[in-house]
Amino acid sequence: MIRSELIQKIADENPHLYQRDVEKIVNTIFDRITDAMAQGNRVELRGFGAFSVKKRDPRLGRNPRTGEAVAVDEKHVPFFKTGKLLRDRLNGQ
Numbered sequence: 031m032i033r034s035e036l037i038q039k040i041a042d043e044n045p046h047l048y049q050r051d052v053e054k055i056v057n058t059i060f061d062r063i064t065d066a067m068a069q070g071n072r073v074e075l076r077g078f079g080a081f082s083v084k085k086r087d088p089r090l091g092r093n094p095r096t097g098e099a100v101a102v103d104e105k106h107v108p109f110f111k112t113g114k115l116l117r118d119r120l121n122g123q
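Residue numbers for the sequence shown follow the numbering used here, beginning at 31 and rising by one.
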């Protein structure tokens, strides 16, 4: 499901809301999650999962074409861990 499909589904299930309002709500939620993660905070949605940021240390990588060693800088990457309810639902329990 992509963002526009999510917005459309929520708007269809809530006919009292305008689609543009639903779009603002969804965008605000995603923006807040992104802002919190950019500050290094963890975002937990009970029953769904938790978003966090993991730090990857600098390392020595390889260029796949030439095999030459390349220095890879330290970076921060998003990480998602599923919640128990989501995990159980995916496994049919």
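Glycine included, C-beta positions come from ideal geometry on N, C-alpha and C.
Assigned with DSSP and collapsed to three states, Glu104 falls in coil, not helix or strand.
Taking C-beta atoms as the reference points, Ile63 and Phe81 count as a pair closer than 8 Å.
A straight line joining the alpha-carbon of Arg72 with that of Asp103 spans about 23 Å. In this structure, DSSP gives Leu47 a state outside helix and strand, which the three-state scheme calls coil. Contact between Ala101 and Arg92 is absent: CB atoms are separated by about 11 Å, not below the 8 Å threshold.
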